[in-house]
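Quick note: the sequence shown uses my numbering, first residue 1, plus one each step. Every residue, glycine too, gets a C-beta built ideally from N, C-alpha and C. In this text, all values refer to a predicted model and were calculated from it rather than measured experimentally. Everything on this sheet refers to the single structure shown next.
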Amino acid sequence: MQHSSLPAKRRCVLICQHRSCTRQGSAEVLAAFQAAVPAGVMATASDCMGQCASGPTVRIMPDGEWYCRIQRSDVETIVKEHLEGDRPVRNLLHPRFHPLEEA
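Right under this line is the structure:
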């Protein structure tokens, strides 16, 4: 549900549906994103993203943010903070692509 009067930024949420990610619940993550994304945002299945040891993997395009070990319970936070609020969820970002910055 969109909370502001401005339309959401057009994005695509890719959720890996390859073997190791599906064993860790990525089908449920995909279904949760598909049910929750705001207008203008597409949530879709992806083939392997090469991050099998840290799945389920979610990638937000065109932003380029990678999320790792995402569970159904994380979806609402990512939708509200990142997709609606334009603020990536730092504690869920994949450290390989988004190393923690010194404060």
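Taking a C-beta distance under 9 Å as the contact criterion, V29 and V79 do not qualify as a contact pair. A direct Cα-Cα distance of roughly 5 Å separates R87 from E81.
Q17 and A39 have their C-alpha atoms some 23 Å from each other. Measuring C-alpha to C-alpha distances from T22 to each of L83, D63, I70 identifies I70 as the nearest.
Our two residues, T57 and Q51, have alpha carbons roughly 7 Å apart in a direct line. Rounded to whole angstroms, the Cβ separation of G55 and S20 is 5 Å, and the two are in contact under 8 Å. Within the same chain, and ignoring the five residues on either side of D47 in sequence, the residues whose Cβ sits closer than 8 Å to its Cβ are C16, Q17, H18. Its Cα nearest to that of A31, the residue R72 stands out among R72, M49, K9. About 10 Å separates the Cβ atoms of I60 and V89, ruling out a contact at the 8 Å cut-off.
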